[in-house]
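Visitor: Numbering (our numbering), first residue to last: 6 to 589.
Got a structure here, written out as structure tokens. Questions coming.
Now the structure itself:
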């Protein structure tokens, strides 16, 4: 790191333009995309890279996208080394080349200035389909990646400014709901070009050398922030282990362990995971970088700038090839961005918290969601989408506050949005009977975990395929500082299918057909609590009951609060004191 070579005013202005450029790219995606995954749920991310390529700015978007963009960008640049030209546009989704999962499709646009490659604008988004035997790509029956969808290594969609329409048509012809995929492709392309336009204007105004000097300073600033934090952590080796539950593969629960070694102002993070399995939860190395970096950043809680400089003092080892967190082809992987990513994140965060217990916080609820597909008679065309509203869980509590409601899952860390229910019903032939917080779903603690959600749907006039993915249906989000829930069942996820007046509870990942008149309710877990639940202020428990967040039974079992008159929320203080004394 060197002393600043640019005045602080210019540095601040250039930094502001970079941040505004990224936000403009994000808004372009939101305003021009076709599918609800993009324009309602915002399941996309943007970033800017220099020519090295180093990430010079990551958007405040989806964490699972952003960490993997670093190795993916390097793989793409290396693949086309010596053959990158002004006007090229590269498409990529292959996890063997640093991608996350193949439904997350990424566009890379090289930005030339006065004949020299200076920047890359990059956009990644979750398409609603990528081909393959199961709509939306999530196939619980897949035993290899080839049963999940189109695997696209680095591929030029545009060559020196000319679209390769034959290639684009080939790709779109192998995807369901072509109109949605084509619209989202165009949105990704447009966002890349909007970003390039802004960067060229920035260099026109301040000059290429000044802009690059400012960027070098911002990279150094991020590095200094991370080194300063790590230097405050005692040298040593710390481990954290999180349990990944069996969600239907039959191999049992798995441990994922992170070992963090602190030496001065740098750290090394090593991951230990079991061998890869023939089920769609294997994570290739690029995706696992996202999980590791999210665990680190949950612990670090550093201020901006957010760029690759943060990780200069961080080295990683994802374990041997062929393991769950460092999978190799042909391992199936589509569920990897949530499972095992969130468990990997928990393991890394737990290891760091061993080193600095004062920064401990609870885990967020893990993703437990569904995709839907069918035939839309209104337009005489197929529909398919990932329902991001179905994975919104609760955030973990901290030492200072309760967890936020309906903010998760952990892999997205608050960046997803549910979108208007009416817009989903307008987009697809469905009726949504319920979208609400769930009583007793937040993890018990002195500070309560955020509540999870329930999303209940019925197809209107034709059968609907429903595919579930994720976990957190048996093991609740981890609490912190002694937090523990007596009532576990309301705090984990499940799928409830109601047919002919009977409700079936499903906790594995499945593919089901839902007919008109039948309902599917997806229940998401809440976040973990913080501190001893019996120490939660009684008035706060009463408020939670009043607001429908905690039941009478939950107040008694989880928090040791007994009501003398529940209708009036009158607390029996003597009985409450006696019950709470049993936990002393």
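All C-beta atoms, glycine included, are put in the ideal place defined by N, C-alpha and C.
All of these numbers come straight from a predicted model, not from anything done at the bench.
Within its chain, find whatever has a CB closer than 8 angstroms to the CB of residue 2; leave out the 5 residues flanking it on each side and keep chain order.
Guide: Residue 2 is absent from the structure shown; the chain starts at 6 and stops at 589.
Visitor: Could you name the residues of the same chain whose beta carbon sits closer than 6 angstroms to that of residue 569, not counting the 5 residues immediately before and after it, in chain order?
Guide: Within the same chain, residue 569 has close Cβ partners 575 and 577.
Visitor: By Cβ distance below 6 angstroms, which residues in the same chain neighbour residue 579 in space, the five residues on each side in sequence not counted?
Guide: Hits under 6 angstroms: none found.
Visitor: Strictly under 9 angstroms for the Cβ-Cβ distance: is residue 444 near chain D by that measure?
Guide: No chain D is present in this structure, which holds just one protein chain.
Visitor: Take residue 194 and list the residues in its own chain whose beta-carbon comes closer than 7 angstroms to its own, dropping the five residues that flank it on each side.
Guide: Excluding positions up to five away in sequence, the list reads 94 and 112.
Visitor: Got a sec? Which residues, its chain only, sit under 7 angstroms from residue 328 by beta carbon, not counting five neighbours each side?
Guide: Counting only Cβ-Cβ distances below 7 angstroms, and skipping sequence neighbours, we find 278, 279, 280 and 281.
Visitor: Start and end of the alpha helix (DSSP H) containing residue 305?
Guide: Counting along the chain, the alpha helix (DSSP H) containing residue 305 begins and ends at 290–305.
Visitor: Which of the three DSSP states, helix, strand or coil, is assigned to residue 198?
Guide: Three-state result, residue 198: helix.
Visitor: Which residue comes first and which comes last in the alpha helix (DSSP H) that contains residue 27?
Guide: Start and end: 13–37.
Visitor: Is it right to say residue 520 is buried, meaning 16 or more other beta carbons lie within 10 angstroms of its own, or is it exposed?
Guide: So residue 520 ends up on the exposed side.
Visitor: Check for me: the beta strand (DSSP E) holding residue 51 runs from which residue to which?
Guide: Per DSSP, residue 51 belongs to the beta strand (DSSP E) from 49–55.
Visitor: DSSP three-state call for residue 70: helix, strand or coil?
Guide: Helix, per DSSP.
Visitor: Run the CB neighbour count on residue 186, radius 10 Å, all protein chains shown included, and call it buried at 16 or more, exposed below.
Guide: It is buried - the Cβ of residue 186 has at least 16 other Cβ atoms within 10 Å.
Visitor: Considering only DSSP beta bridges, list what residue 112 is partnered with.
Guide: BP columns for residue 112 point to 96 and 128.
Visitor: Here's the rule I'm using: 16 or more other beta-carbon atoms within 10 Å means buried, otherwise exposed. How should residue 27 be labelled?
Guide: Looking at its Cβ environment, which holds 16 or more other Cβ atoms inside 10 Å, residue 27 is buried.
Visitor: Take the Cβ of residue 431 as the centre, count every other Cβ of all protein chains shown within 10 Å, and call the residue buried at 16 or more, exposed below.
Guide: It is exposed - the Cβ of residue 431 has fewer than 16 other Cβ atoms within 10 Å.
Visitor: With DSSP as the reference, label residue 277 as helix, strand or coil.
Guide: Three-state result, residue 277: strand.
Visitor: Could you check which residue in 78, 89 and 88 has the C-alpha nearest to that of residue 98?
Guide: With distances taken between Cα atoms, residue 98 lies closest to 78.
Visitor: Within 10 angstroms of the Cβ of residue 287, are there 16 or more other Cβ atoms? Answer buried if so, exposed if not.
Guide: Burial call: buried.
Visitor: Grouping DSSP H, G and I as helix and E and B as strand, with all else coil, what is residue 105?
Guide: Three-state result, residue 105: coil.
Visitor: Based on Cα-Cα distance, which residue from 453, 336, 261 and 460 lies nearest to residue 394?
Guide: Selected option, being the one with the closest Cα: 460.
Visitor: So within the segment 476–538, which uninterrupted beta strand (DSSP E) runs reach at least 3 residues, ignoring any that extend past its ends?
Guide: As far as the segment 476–538 is concerned, its whole beta strand (DSSP E) runs of at least 3 residues are 499–504, 507–511, 516–519 and 524–528.
Visitor: Quick check: what's the CA-CA separation for residue 264 versus residue 139?
Guide: Cα-Cα distance, rounded: 37 angstroms.
Visitor: Would you call the segment 298–313 and the segment 191–209 touching, i.e. three or more CB-CB distances under 8 angstroms?
Guide: No, they do not touch.
Visitor: Just the Cα atoms here: how many angstroms apart are residue 343 and residue 573?
Guide: C-alpha separation (whole angstroms): 42 angstroms.
Visitor: Under the criterion of a Cβ to heavy atom distance below 8 angstroms, does residue 455 qualify as lining the ligand MN?
Guide: Judged by which ligands are present, the structure shown has none, so any question about the ligand MN falls away.
Visitor: Determine the direct distance from the alpha carbon of residue 183 to that of residue 377, and round the result to whole angstroms.
Guide: Rounded to whole angstroms, residue 377 to residue 183 spans 16 angstroms at the Cα level.
Visitor: Evaluate contact between the segment 413–426 and the segment 355–374, counting only Cβ atoms and requiring at least three cross-stretch pairs below 8 angstroms.
Guide: Yes: at least three Cβ pairs fall under 8 angstroms.
Visitor: What does DSSP give as the partner residues of residue 576 in its beta bridges?
Guide: For residue 576, which the question treats as bridged, DSSP gives the partners 568.
Visitor: List in chain order: all unbroken alpha helix (DSSP H) runs of 4+ residues lying wholly within the segment 168–234.
Guide: Fully enclosed alpha helix (DSSP H) runs of 4 or longer: 170–177 and 183–211.
Visitor: For the beta strand (DSSP E) containing residue 378, name the first residue and the last one.
Guide: Segment 373–381, the beta strand (DSSP E) holding residue 378.
Visitor: May I ask you to verify whether the segment 313–324 touches the segment 229–245, counting CB pairs closer than 8 angstroms and requiring at least 3?
Guide: At 8 angstroms Cβ cutoff, the stretches touch.
Visitor: Starting from the Cα of residue 532, find the closest Cα among 540, 539 and 453 and give me that residue.
Guide: If we check each option's Cα against that of residue 532, 453 comes out closest.
Visitor: In whole angstroms, give me the CA-to-CA distance for residue 170 and residue 102.
Guide: One C-alpha to the other measures close to 24 angstroms.
Visitor: If you check the beta carbons only, do residue 121 and residue 62 fall under 9 angstroms apart?
Guide: Against a cut-off of 9 angstroms, the Cβ pair of residue 62 and residue 121 comes out as no contact.
Visitor: Answer yes or no: do residue 401 and residue 535 have a C-beta to C-beta separation smaller than 9 angstroms?
Guide: It is a contact, given that the beta carbons lie within the stated cut-off.
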